[in-house]
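Note sheet for the following structure.
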Amino acid sequence: AQTVTQSQPEMSVQEAETVTLSCTYDTSENNYYLFWYKQPPSRQMILVIRQEAYKQQNATENRFSVNFQKAAKSFSLKISDSQLGDTAMYFCAFMSFSNEKLTFGTGTRLTIIP
Amino acid sequence: DGGITQSPKYLFRKEGQNVTLSCEQNLNHDAMYWYRQDPGQGLRLIYYSQIVNDFQKGDIAEGYSVSREKKESFPLTVTSAQKNPTAFYLCASKDEQFFGPGTRLTVL
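Protein chains in written order, with the numbering used here: chain A, 1 to 114; chain B, 115 to 222.
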């Protein structure tokens, strides 16, 4: 069974700073996807970024980028030029090709301070 | 606009009553999923369906039931057998990249 670990329950940074959220996972699979989701106070889950394990290049979406280290089973999220609207819970998730079910971490509560 | 709708947003029920949560999508997605979210525990998979008239148990299916009679609809019934039903319930579709707004169920 896969597990996803987010070791930072809470983080806070000043507006416009850069912040990195950590995620590690455990799997015996070779082909899988990794995701970061954002859940603002409205509780709507929003996909932030997605990484295919077979791609060596790290995924980037505007101010959001990942550092994917497959051998280390690490998948961190970097938010650059943080904005007040980035305040939310962030969840890391894993999905293998074989069963197409998502396994979530317990989340990191990120607060952007004005 | 295409998307996933869940109704109602808030739901209150007395202990011992069954309750059905609605999930509808107009995205033409085959796969649909139900999650439960509790504080400090992230999301846990209850049931999922890859195609009409077929569904599988997730990690915490006990006390829940689903049906998938139409591609657009995947209702979740929380039965009286679910020992701790108060939670936030999220429906999703297609590789779980599209989520509904959720239903907060409170059992009194």
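For every residue, glycine included, the Cβ atom is placed at its ideal position computed from N, Cα and C.
Am I right that Q151 (chain B) and L47 (chain A) are in contact with their C-beta atoms under 8 Å? What's the rounded C-beta distance? That belief does not hold up - the Cβ atoms of Q151 (chain B) and L47 (chain A) are roughly 16 Å apart, past 8 Å.
Cβ-Cβ distance between S22 (chain A) and S76 (chain A) below 8 Å: Yes; because the gap between Cβ atoms is below 8 Å, this pair is in contact.
Residues of chain A with CB closer than 7 Å to the CB of P215 (chain B), please, in chain order. Q44
Minimum C-alpha distance to C137 (chain B) - residue among B:C205, B:R218 and B:S179: Relative to C137 (chain B), the option among B:C205, B:R218 and B:S179 whose CA is nearest is B:C205.
Would you call the CB atoms of G216 (chain B) and T119 (chain B) closer than 8 Å? Remark: C-beta atoms of G216 (chain B) and T119 (chain B) do not approach each other more closely than 8 Å.
Selection from B:D144, B:N140 and B:P153 that minimises the alpha carbon distance to D209 (chain B): Ranking B:D144, B:N140 and B:P153 by Cα distance to D209 (chain B) puts B:D144 first.
Can you tell me where the beta strand (DSSP E) with Y54 (chain A) in it begins and where it stops? Counting along the chain, Y54 (chain A) falls outside any beta strand (DSSP E), and DSSP gives it neither H nor E.
For G117 (chain B), which of B:Y178, B:Y162, B:S179 and B:Q139 has the nearest alpha-carbon? Minimum Cα distance to G117 (chain B) is reached at B:Q139.
When A:Y32, A:M11 and A:E52 are compared against G107 (chain A), the one with the closest alpha-carbon: Answer by Cα proximity: A:M11.
What does the Cβ neighbour count give for A16 (chain A), buried or exposed, with the cut at 16 atoms within 10 Å? exposed
Identify each residue in the stretch 99–112 of chain A for which the Cβ-Cβ distance to at least one residue of chain B is less than 7 Å, and report them in chain order. E100, K101, L102, F104, G105, T106 and G107
Close Cβ partners of N167 (chain B) (< 8 Å) along its chain, the five nearest in sequence each way excluded: R182 and E183
Quick test of your reading: A93 (chain A) and F35 (chain A), contact by CB under 8 Å. State the CB separation rounded to the nearest angstrom. 4 Å
is_contact[L219 (chain B), chain A] using C-beta, thresh 8 Å: Not one chain A Cβ lies under 8 Å of L219 (chain B).
Assign K38 (chain A) to one of two classes, buried (16 or more other C-beta atoms within 10 Å of its C-beta) or exposed (fewer than that). buried
When burial is assigned at 16 or more other CB atoms within 10 Å of the CB, is S28 (chain A) buried or exposed? exposed
Return the first residue and the last residue of the beta strand (DSSP E) that K171 (chain B) is part of. D168 to K171
Does any residue of chain B have a CB that is nearer than 8 Å to the CB of M11 (chain A)? no
Quick one: residues in its chain with C-beta nearer than 8 Å to the C-beta of M197 (chain B), no 5 flanking neighbours on either side, listed in chain order? A small fix is needed here, since residue 197 (chain B) is Lys in this sequence, not Met. Here the set comprises G177.
Quick one: Cα of V19 (chain A) to Cα of K101 (chain A), how far? Looking at the two C-alpha atoms, the distance is approximately 28 Å.
Using the beta-carbon of each residue, which ones in chain B are nearer than 7 Å to L47 (chain A)? Q211
Determine whether the Cβ of G117 (chain B) lies closer than 8 Å to any Cβ atom of chain A. no
Nearest-angstrom Cα separation, counted from M146 (chain B) out to F188 (chain B): 7 Å
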